[in-house]
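Participant:
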Amino acid sequence: MMIRPARPLCILSVAAGLAACSAGTRPGAHGSTLASPSSSAEGRPDAIARARADSARYPFTDADVAFMAGMIGHHAQAVLISTWVPTHDADPAVQRLSERIINAQNDEIGTMQRWLADRGKPIPAAKPMAHDMPGIDHSAMMMPGMLSETQMKELDAARGPAFDRLFLLFMIQHHKGATAMVTKLFSTPGAGQDNTVFKFASDINVDQTTEIARIQRMLFEFALKRASAPD
């Protein structure tokens, strides 16, 4: 059997400068545009057959499953806070960023759900981790970059320029967490060899690294604008 060579994460950083930026609800009063859970693998024999063929060539690991399942909830929080933007008096540039995040990450949630379904794995709901579960150590549950309950409340209470600044800072934190999850995946022996997982994780690393740079420029431009504004 041919052994597939490992693909180190360091090659991904080379692509970051070449990639286009990826783009990203609040339940209740603001409605919901989070991706709904993908349909069951039942009735998808072709997809299941392809998944099994891929797995025979490049077996997936528990780390792959954990990454895909965990990233669903991670993306869901980014989508959630992005849907607050229109109701929090955000700058038009922040609104455009949030629309890209909603569109791109909802699509990616669907990809992750299908991958899990085709391999007979449980499909997590596309929603952020609940903070109100009794007896749960939330600090242990939190994935890298996820906003805490306090941060979520702080962001929701802000409006206008204050919201813009917090949203951008928190999205940098969130994106850095996603790239940390990719780093952990590729540093796990045997993980990241499945074709879909490798491409998907590589794309996340490039797209979110690129978007962090864009958000940092937005923060700088907003700071210049505030500094030049008349008293």
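Sequence positions in the sequence shown follow this note's numbering and run 62 to 292. A virtual CB, placed ideally from N, CA and C, is assigned to each residue, including glycine. Only a predicted model underlies this, so the values are computations on that prediction, with no experimental measurement involved.
Whose CA, out of G134, R180, A124 and F228, lies closest to the CA of A151?
Facilitator: F228
Participant: Could you tell me the distance, in whole angstroms, from the CA atom of I197 to the CA atom of E210?
Facilitator: Here I197 scores only 33 on pLDDT, less than 50, and its place in the model should not be relied on; the value that follows carries that caveat. For I197 and E210, the distance between alpha carbons rounds to 14 Å.
Participant: One question on the structure: do Q269 and T240 come within less than 8 Å of each other, judged by their Cβ atoms?
Facilitator: yes
Participant: Specify whether the segment 216-227 and the segment 150-169 touch according to this definition: at least 3 beta carbon pairs, one from each stretch, less than 8 Å apart.
Facilitator: yes
Participant: Rounded to whole angstroms, what is the Cα-Cα separation between T122 and D255?
Facilitator: 9 Å
Participant: Around the Cβ of S289, are there at least 16 other Cβ atoms within 10 angstroms (buried) or fewer (exposed)?
Facilitator: exposed
Participant: Could you give the DSSP three-state label for G131: helix, strand or coil?
Facilitator: helix
Participant: Taking Cβ positions, are F128 and A274 nearer each other than 8 Å?
Facilitator: no
Participant: Would E272 be called buried (16 or more neighbouring beta carbons within 10 Å of its own) or exposed?
Facilitator: buried
Participant: Which term fits L285, buried or exposed, when burial requires 16 or more other beta carbons within 10 angstroms of its beta carbon?
Facilitator: exposed
Participant: Anyone know if the C-beta pair for I142 and F231 falls short of 8 Å?
Facilitator: For I142 and F231, yes; Cβs fall inside 8 Å.
Participant: With a CB to CB cut of under 6 Å and the five nearest residues on each side skipped, what residues in its chain are close to H235?
Facilitator: A139 and G206, listed in sequence order.
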